[in-house]
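Q:
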Amino acid sequence: MPRFAANLSMLYPQHEFLDRFAAAAADGFEAVEFLFPYDYSANELKQRLSDNGLVQALFNAPPGDWAAGERGIATLPGREDEFRSGFDRALEYAAVLGNTRVHVMAGLLAAQSDRARHHGVYLQNLAYAADQAGKAGITVLLEPINTRDMPGFFLNRQDQAQAICKEVGATNLKVQFDCYHCQIVEGDLATTLRRDFDRIGHIQIAGVPDRHEPDQGEVNYPYLFELMDRLGYDGWVGCEYRPKGDTSTGLQWLRDWKAR
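Going by UniProt numbering, the letters in the sequence shown line up with residues 1 to 260, in that order.
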């Protein structure tokens, strides 16, 4: 059975962020993930993990100015030093929190005519990140994001991200397979999961099209969960969705799956 991690950036919105760790543990989660840890000290977050018997599965490297609309800087020309210092900071947090996965957001592409230049910067930054992360036993993740939720994002398709990983050539550089984003952009989830399985480093789920619980919408998640088991996936599956109502009540899908 897949192992599920609560995404605390989305689940339990009725609680303050630091109180979401206890809420997730109370609902039976054994791991958590979230977007960014940097508003809190690493030791403070580690204490929340320890107090609630939780594993840190994943977080993102610094994305630039999130409040101003930036969604990653890994592809942005002229921001290389900022990216590298930010990634080094992410590794410092990972050393305390214990996660072996760090997601690097690519960033927005203002014009397709700039793609080649951004691509070159991306390869250089990813090579740096993979090299530094490799020394700590950490995998760097790339995530394609759909064009509806994040117009202009540099990465949109799984095959595009896989090709970039091959160009960089680092064994600890893998793709984050977000079923929600993949379904919106390209569909054919089971075939894509099978095709790319060896280079997938993390999986996330949400209902499509509204990004609510995974039992809402058009995707047959029980089928995909069984496929993950057949493929031998032993990583965490991040529950990165917006609860339609109360988070705990909405977890009936998980209780039903565990009872199978």
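Built from N, CA and C at the ideal position, the CB exists for glycine as well. Bear in mind the structure is a predicted one, so any value in this text is a computation, not a measurement.
(1) Per DSSP, what kind of secondary structure is Lys244 in: helix, strand or coil?
(2) What distance in whole Å lies between the Cβ atoms of Gln204 and Gly238, which are believed to be in contact at a cut-off of 8 Å?
(3) So, helix, strand or coil for His119, using DSSP?
(4) Going by C-alpha distance, which of Gly169, Gln162, Val168 is nearest Thr192?
(5) For the putative contact between Gln176 and Gly201, defined by C-beta atoms under 8 Å, what is the C-beta separation to the nearest angstrom?
(6) Name the DSSP beta bridge partners of Lys174, please?
(7) Measure the alpha-carbon distance for Leu141 versus Phe154 and round it to whole angstroms.
(8) Tell me which same chain residues have a C-beta within less than 8 Å of the C-beta of Arg194, skipping the five on either side of it?
(9) Three or more C-beta pairs under 8 Å: does that hold for the stretch 73-84 against the stretch 103-114?
(10) Secondary structure at Gly86, three-state DSSP: helix, strand or coil?
(11) Taking buried to mean at least 16 other C-beta atoms within 10 Å of its own C-beta, is Pro13 buried or exposed?
(12) Roughly how many angstroms lie between the CA atoms of Pro62 and Thr139, to the nearest whole one?
(13) Could you compute how far the alpha carbon of Ala23 sits from the alpha carbon of Ala42?
(14) Alpha carbons only, please: which of Cys179, Arg148, Gln124 is nearest the one belonging to Leu168?
(15) Please go through the same chain and pick out, in chain order, the residues whose beta-carbon is closer than 7 Å to the beta-carbon of Glu82, but skip the five residues on each side of it.
A: Here's the rundown:
(1) Lys244: coil per DSSP, three-state reduction.
(2) 4 Å
(3) Under the three-state reduction of DSSP, His119 is assigned to helix.
(4) Gln162
(5) 6 Å
(6) Leu141
(7) 14 Å
(8) The residues are Leu227, Leu231.
(9) yes
(10) Under the three-state reduction of DSSP output, Gly86 falls in the helix class.
(11) Classified as exposed, Pro13 has fewer than 16 neighbouring CB atoms from the shown chains inside 10 Å of its CB.
(12) 16 Å
(13) 20 Å
(14) Per the sequence shown, the amino acid found at residue 168 is Val instead of Leu. Per the Cα distances, Gln124.
(15) Ile73
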